[in-house]
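Contents: one structure, followed by commentary.
Numbering (my numbering), first residue to last: 1 to 382.
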């Protein structure tokens, strides 16, 4: 199937002052999936969309109540968030992740984690001549963030094998999107030590940390990994997956106090503020683990059902020990796999969305409803 024409349209008359920032960026990958989505949607029993990985289950009631109770907030919220939110984040970091050095001055709420990933290099003052490193198989927004800052994007296989010259920012991602791979404690410790040795800021994207299945993911903020200090490291967390809050855009960054305070000053000027009702909802989400455990059970059932069906159909699953995805291959070009599954009414994400190294894999999300997952299992078994 053909993909969309990516040739930029002419700017409207009078817009000569506008620079084409979009030309710095790759083609938005999901636009390329639209023809296959149409094929899958034509299935008599409807589409089973396992591509994006968006939550579909209800927002837990206690979070909805917290949001509603804070709805009468006519004044401006603060970029830093309420003291109660910062304390809730610190409490969660200490008790859930073992990040005993966490402190209120070292945490900052953000308007979803994607916003932070995309704009972090710019907000840190990176630009031409600077380099930003990220895993070779990775969430595309790491590269987008580098390009928005006009820095050089540098994919890697092992971070400690990078040339540190000009390297300002090093992304880790564990559990990985798309592969679900979990970095071991020793790998994390080695990466932190290497970054500190070379004066590189290490930022760990840990948005799927509470969704480990065959492994127990750990945060770089644990003292067993980073020592007694968070100097030179940040961790990014999101409530989108673990609490079904993708629509709320509730997330935060934590770690090096000096870096967090610099981000706070920049973001004040940019008006990057989490709405007050969402801040209240985040406090409720971070203060309760029951809803997280219940959601994990739903995902565990769906994961098992889809994995067994895919393997019976001839797929091989690699990594996938955590996160909300199965990294699957039939040892063929990923777009051939996407096309074949679309004929069954099942939409998945092609692996090359996440780098050339994924060109023979697809990413299968298990965030669909039980009914849609059951439909996919039936179709794969027919």
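All C-beta atoms in this analysis are idealised placements derived from N, C-alpha and C, irrespective of residue type, glycine included.
Nearest neighbour of residue 58 by Cα position, chosen from 133, 379, 292, turns out to be 292.
It is roughly 30 angstroms from the alpha-carbon of residue 342 to the alpha-carbon of residue 239. Residues 56, 57 of the same chain have their beta carbon placed closer than 8 angstroms to that of residue 369, with the five preceding and five following residues left out of the count. DSSP links residue 318 through a beta bridge to 327.
CA-CA distance, residue 356 to residue 272, rounds to 33 angstroms. Within a 10 Å sphere around the beta-carbon of residue 30 sit fewer than 16 other beta-carbons, which makes this residue exposed. Of the other Cβ atoms in all chains shown, 16 or more fall within 10 Å of the Cβ of residue 32; this residue is therefore buried. In this structure, residue 317 sits away from residue 50, with a CB-CB distance that is not shorter than 9 angstroms. Judged by DSSP secondary structure, residue 205 falls within the beta strand (DSSP E) whose first and last residues are 201 to 205. Residue 47 sits in coil when the DSSP states are folded into three classes, being neither helix nor strand.
CA-CA distance, residue 246 to residue 112, rounds to 8 angstroms.
Residue 113 carries a helical assignment under DSSP once its states are collapsed to helix, strand and coil. DSSP places residue 87 inside the alpha helix (DSSP H), whose first and last residues are 83 to 97. Bounds of any alpha helix (DSSP H) do not take in residue 273, whose DSSP letter is neither H nor E. When C-beta atoms of the stretch 205 to 223 are compared with those of the stretch 74 to 88, fewer than three pairs fall below 8 angstroms, so the two segments do not count as touching. In this chain, residue 236 is not harboured by any alpha helix (DSSP H); it is covered by the beta strand (DSSP E) spanning 233 to 238. For residue 68, the enclosing alpha helix (DSSP H) has its first and last residue at 61 to 69. Excluding its 5 nearest sequence neighbours in each direction, residue 181 has C-beta neighbours in its own chain below 6 angstroms: 319, listed in chain order.
Comparing alpha-carbon positions, the option among 152, 93, 105, 138 lying closest to residue 121 turns out to be 152.
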